[in-house]
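Scroll down for the structure; my scribbles are underneath it.
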Amino acid sequence: MTNSAPLPATLERITLRHAASQSELDIYPFGATITAWRSRQAANRSAKDIFFLSERADLSGKQAIRGGIPIIFPQFKARPDQTHGFARTAMWNILKRSEDSITLRFSHTSTGVTNWPHPFTFDYEVTLSESLRTELIITNTGATEFSFQCALHTYFAVSHIDEVTVAGLAGLTYTDKVARRENCTEASSAFAFTQEVDRIYFNAPDRLVLRDKAHAIILHKTNFPDAVVWNPWSVKASEMKDLKPDDYQRFVCVEAGAIAQPIRLAPHGVWRASQLLSVSS
Ligand code: TA6
């Protein structure tokens, strides 16, 4: 997908602030990508960055930003031209904003801005408080039904990959994209990372907990039935030009998504989903 408008020399970055919790959030209208959330809720009370953002992330607008929360839409699966869809590389417009909240809108008509013909509007509401709430509102503004997949591809910063577990996955059926196996069953109640992980968990509970050495992140999803867990590990990380080879030790992706059953949206239909992230020490 290529945007019709020329890209600015440097991408605009907007910072939200929530005075009561002394937390801050950075978001780029490019891809509506949140890239940082500095929260004082973490154990050490200093402003800890909750999200991982690669030092080699491309911030030129030529490709998706490697880190924070890229938005995956309208498809999750790989495609030669557009892995994970065009939303994360589109320029979104600011609908409204305040000190601690912002709503961005991506409107697509069938004018060929993307190679996806269905008119829609996609509103992304970001609200910063002691926690971080992101709500997605997708409306079919066309005359025919379309279906899509959607996910929040969140990169959580971790103290070290060896220190991290994910709780809430036990008993779930998942597809293992590394082993290329389907219909696997998760046995672990505290999933740890010892190798490349690329799994799509189906019908995951709405509450997942990422535990790190000094704090825990509670991810509460609404209307996102699935969850993806990803870490590229050393070989894949070394092959990715917008990651440092040892960056796999610094993040885990836990992604709320609607993947297994694409969402079907009738004309004038509206689909809402949200993610609430909170930090506990
Ligand atoms: O969410 C996991 C995944 O689909 C992996 O398969 C890997 O491709 C990752 O996303 C990153 O994809 P990207 O297109 O951002 O490089």
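Counted the way this note's numbering counts, the sequence shown spans residues 1366 to 1646.
Using N, Cα and C, we set each Cβ at its ideal position, and we do this for glycine too.
This one's a predicted model, so the numbers in the text were calculated from it and none came from an experiment.
Considering only heavy atoms of the ligand TA6, does any lie closer than 6 Å to the CB of residue i?
{"i": "D1563", "result": "yes"}
{"i": "T1448", "result": "yes"}
{"i": "V1644", "result": "no"}
{"i": "V1593", "result": "yes"}
Specify the secondary structure class of residue i as computed by DSSP and reduced to three states.
{"i": "T1313", "result": "Beyond the ends of the chain as shown, which are 1366 and 1646, falls residue 1313; an answer cannot be given."}
{"i": "I1436", "result": "strand"}
{"i": "Q1428", "result": "coil"}
{"i": "D1607", "result": "coil"}
If you follow the alpha helix (DSSP H) that residue i is in, where does it begin and where does it stop?
{"i": "A1602", "result": "W1598 to E1604"}
Between which two residues does the beta strand (DSSP E) harbouring residue i extend?
{"i": "S1331", "result": "The structure shown does not extend to residue 1331, since the chain is modelled only from 1366 through 1646, so no value can be given for it."}
{"i": "N1548", "result": "R1546 to T1550"}
{"i": "L1501", "result": "L1497 to N1505"}
{"i": "V1543", "result": "Per DSSP, V1543 belongs to no beta strand (DSSP E) and is neither H nor E."}
{"i": "L1575", "result": "R1572 to R1576"}
{"i": "W1636", "result": "V1635 to S1645"}
{"i": "I1467", "result": "S1466 to H1473"}
{"i": "S1494", "result": "Where S1494 is concerned, there is no enclosing beta strand (DSSP E), given that its DSSP letter is neither H nor E."}
{"i": "E1389", "result": "S1388 to Y1393"}
{"i": "E1620", "result": "F1616 to L1630"}
{"i": "F1513", "result": "F1511 to L1517"}
Assuming residue i contacts residue j (C-beta within less than 8 Å), just tell me the rounded distance between them.
{"i": "L1534", "j": "A1569", "result": "7 Å"}
{"i": "F1511", "j": "H1483", "result": "4 Å"}
### Query
Do the region 1514-1524 and the region 1616-1635 meet, that is, are 3 or more Cβ pairs less than 8 Å apart?
The region 1514-1524 vs the region 1616-1635: in contact.
### Query
Would you call the region 1601-1614 and the region 1574-1587 in contact, with 3 or more CB pairs under 8 Å?
No, because fewer than three Cβ pairs between the region 1601-1614 and the region 1574-1587 fall closer than 8 Å, the two stretches do not touch.
### Message
Measuring CB atoms only, is the region 1462-1469 touching the region 1486-1493, in the sense that at least three cross pairs come out at less than 8 Å?
### Response
Taking 8 Å as the limit for Cβ pairs, the verdict is that the region 1486-1493 does touch the region 1462-1469.
### Three or more C-beta pairs below 8 Å linking the region 1552-1566 and the region 1592-1601
Here the region 1552-1566 makes contact with the region 1592-1601; the two share three or more CB pairs at distances below 8 Å.
#### Entry: the region 1421-1429 contacting the region 1381-1388, beta-carbon criterion three pairs below 8 Å
At 8 Å Cβ cutoff, the stretches do not touch.
### Task
Check whether the region 1449-1465 touches the region 1432-1441, taking contact to mean three or more Cβ pairs, one atom from each stretch, closer than 8 Å.
The region 1432-1441 and the region 1449-1465 touch, with three or more beta-carbon pairs separated by less than 8 Å.
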